[in-house]
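Below: the structure, in structure tokens.
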Amino acid sequence: METSRENRPWLVQKYGGTSLGKLLESICSKIVPSYLRDYNLVVVCSALSGSTKSSGTTSLLLECVSHAEAGLSAQTLLNKNIDAIRDSHVRLLEKHLVNSNGTRSDLCNDIFDTTKTLIVKECESLRGFLLAAQIIGELSPRARDRVIALGEKLACRVVAAFLCSRNIPAEPIILEDVVEAVFGASVFDQKTALDNLGPRFYHLIADEITKRIHDCGDHVPIVTGFFGIMPDSLLKNVGRGYSDLCAAMCAVGTKAAELQIWKEVDGIFTADPRKVPSARLLATVTPEEATELTYYGSEVIHPLTMDQIRCANIPLRLKNVFNPTASGTIIYPSRTPSPPLTPPTPIDEKVDVKIPLPSIDYMLGNGYHGDRQERRRPTAVTVKEDILLVNVVCNRNTKSQGFLSGVFDRLEDAGIKTDLVTTSERSVSLAFQHSEEGSCQHQRLRVELEKFGKVIITENMSIVTIVGHKMRNMVGISAEIMSALASAKINIFMVSQGASEINISLVVRAEDAVLAMNVIHSKVLHIPTHWEQETNFIKGAETQQQQQRARLAQNVVVGSCYRPPPLTHPSSRSMALLTKTNAAAAAGVAVHSRRSTIDRVAVGPAEAAAYRYIVKRWLKRKRQV
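Numbering (the working numbering), first residue to last: 173 to 797.
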């Protein structure tokens with residue numbers, strides 16, 4: 173029975189540009205409709221991408237900005253990029269706004285014509301804006317934001333058109349003016365608010381976004397991941413992950429039951445499966461772990477996103493558009509992390525009382541909180557590539573107390589974000605990511621740093637980072653890591669433990685990075701032999717029907733007669749009994765076995781089938797491990 177809109181909880185789903193580009197049909201025809209019966213859905217869209225971000229709409233728009241700043245000599249390249257953006261979105265409409273027989277209904281024709289007109293109008297408006305900018309030869313940060321916003325606007329129009337063509341009322345919500353609506357048109361007022369309000373700056377934006385969502389009425393809101401032209405540029409203040417933050421603000425404003433981030437992978441793994449074949453999917457990680465993994469190379473979730481949902485006590489789940497029925501990886505909010513550099517108290521190790529009860533049972537049962545240590549050894553290992561290692565040895569003419577401040581002032585002036593720092597009295601080692609665009613910038617930095625002393629720059633390095641929620645409790649974990657790398661003859665150039673005490677980072681040669689990940693994964697992580705599966709997740713209506721059909725097909729009774737036990741390693745006695753049971757069941761003979769509470773229990777054909785099913789699942793999980 174379908175509940176009324178007022179009584180349904182909210183659910184926010186964010187789709188990445190690559191997912192929309194590859195699987196728009198599946199998202200709009202299957203995934204989104206399957207949740208509409210039980211939830212008020214909000215869909216947040218990134219700009220469309222191809223197979224990689226570098227070929228996506230946002231990357232093309234950034235190229236347009238460069239062509240505009242290059243002047244009239246780059247006008248041909250500018251026009252080519254705008255034409256490519258316009259044509260790719262129109263082709264997507266032509267491909268999907270058709271019936272199953274390949275024809276287009278009157279409704280689809282109207283939607284196609286209207287949406288195509290809007291796409292062409294937006295692209296031509298951008299062309300005129302950038303051609304004018306070419307005459308000047310520069311664009312302000314706010315003007316760049318106006319250019320970048322086009323990608324999400326076009327994506328939302330395409331998704332809304334697709335849903336409407338499937339008789340699902342949808343309405344695009346364009347957020348490029350949301351900052352101005354909240355803080356006024358004055359750039360000074362906006363910047364003052366950004367500098368002084370802290371997290372409340374995003375909370376106020378979330379309130380305005382929520383008003384616009386509610387104004388959609390019965391229509392599905394399709395929200396742009398780009399939210400507002402900000403002082404000094406949204407890209408500078410937030411970065412390329414701004415659509416994740418926008419989705420988090422939508423979830424906070426609507427008090428959503430869950431925030432779902434849909435990607436092209438099943439969730440977060442213990443390592444990159446492309447580099448570590450034995451990597452395993454993690455059922456859940458803590459917010460702190462997700463933040464550290466993102467910072468050190470894994471594209472998990474934007475750190476500001478974690479701050480928003482943690483304060484609002486909203487779980488975040490990573491799901492796979494290729495496998496929508498899977499549970500993915502969930503990040504449960506935790507509002508009581510231990511302060512850095514202090515040992516956790518027994519209260520800190522207890523699960524947060526604000527987490528729902530099913531989550532408490534799951535996390536306690538798998539050792540995420542409490543005294544159990546075997547589950548939460550290091551959780552995952554990741555790598556950050558293209559690293560420059562810079563060693564600065566202070567000369568005797570520089571006072572030691574001014575040495576570090578001088579070095580970091582030069583880094584700030586160069587706009588370089590440092591990943592790792594280690595210091596001694598008269599030397600400092602820095603590790604940061606190298607980019608081709610920054611080669612000249614790095615050379616200028618070297619000249620500046622040489623004023624303080626000898627500078628040694630080592631290229632082609634990587635940062636290997638081990639992350640774990642309970643690593644701060646583990647005596648000897650550093651020794652295990654070093655021993656594992658030493659056994660593989662891998663030299664370590666720099667070691668750093670994060671202030672959060674849940675990560676250890678090592679700088680190694682780039683050619684050793686993959687080997688280092690595999691050695692640490694196999695010898696240090698100690699992946700548990702049991703298979704964690706978090707089953708308390710929001711399912712679409714189609715998913716529920718598929719699971720019910722699967723249970724019936726397996727002939728497993730889950731009512732009062734029989735309930736499958738937890739999936740554990742069967743003992744040798746259980747396996748012997750199962751073999752005997754299978755043989756007897758095939759012959760139609762009841763078999764008896766002794767139990768601790770009941771002397772003899774008859775095992776019939778249905779129970780035998782259930783046991784076979786359980787062991788089959790266990791063997792399948794074991795092969796995956």
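Think of the CB as a built atom: it goes at the ideal place given N, C-alpha and C, for glycine as much as any other residue. Note that this is a predicted model, so its numbers are computed, not measured.
Proximity winner among the options, relative to residue i (alpha-carbon distances)
i	options	result
N563	S238, L617, N492 and L488	L617
A419	A357, E324 and K363	E324
L264	D317, A242 and L192	L192
L592	S450, M633 and L269	M633
R318	A332, L335, G300 and A333	G300
G188	R209, L366 and V216	V216
N281	R598, N663 and V270	V270
P181	Q362, Q613 and N212	N212
R258	C388, A327 and D444	A327
L376	H386, M421, T364 and K556	M421
L335	V237, K252 and S201	S201
I291	T275, E266 and Q615	E266
P496	S198, F604 and E178	S198
A451	N690, Q605 and C295	N690
C-beta contact flag for residue i and residue j at 9 angstroms
i	j	result
K408	A484	no
V800	H239	As displayed, the chain neither begins before 173 nor continues past 797, which places residue 800 out of reach and without an answer.
F284	V351	no
V392	V204	yes
A219	G397	yes
V424	I486	yes
M340	L298	As written in the sequence, residue 340 is Ile, which differs from the Met given in the question. No. Outside cutoff.
V565	I628	yes
A333	T287	yes
N567	F494	no
A656	I710	no
L431	V184	yes
T554	A443	yes
Buried versus exposed, by CB contacts within 10 Å (16 or more), residue i
i	result
L347	buried
R446	exposed
H698	exposed
L369	exposed
A304	exposed
K642	buried
S415	buried
A660	exposed
L311	buried
A378	buried
R372	exposed
G640	buried
E597	exposed
Residue i, DSSP secondary structure in three states
i	result
N368	helix
A315	helix
D558	strand
C217	strand
S599	strand
A552	strand
K623	coil
C499	Just to set this straight, residue 499 is Ser in the shown sequence, not Cys. Reduced to three states, the DSSP call for S499 is coil.
F580	helix
V184	strand
I674	coil
P475	helix
T190	helix
M689	helix
C566	strand
V237	helix
A304	helix
Proximal residues to residue i (C-beta, below 7 angstroms), its chain only, five neighbours per side dropped
i	result
L249	H239
M478	P459, A462 and T463
E652	V696
T594	S601, M666 and S668
Chain-order list of residues whose beta-carbon lies under 8 angstroms from that of residue i (same chain, five-residue window excluded)
i	result
I440	L453, L454, V457, A462, L465, S470, V472, L490, T501 and A552
P475	T463, T466 and Y467
S607	D558
I676	T637, I638, M643, I649, S650, I653, V667, S668, Q669 and G670
L195	V493 and F494
K363	P403 and D404
Contact set for residue i: own chain, Cβ-Cβ below 6 angstroms, skip 5 residues either direction
i	result
V359	P403
I345	R384, P393 and V395
A321	E348 and F398
E380	V350, A353 and V354
Residue-chain proximity (residue i, chain C), Cβ-Cβ < 9 angstroms
i	result
V410	No chain C is part of this structure, which consists of one protein chain only.
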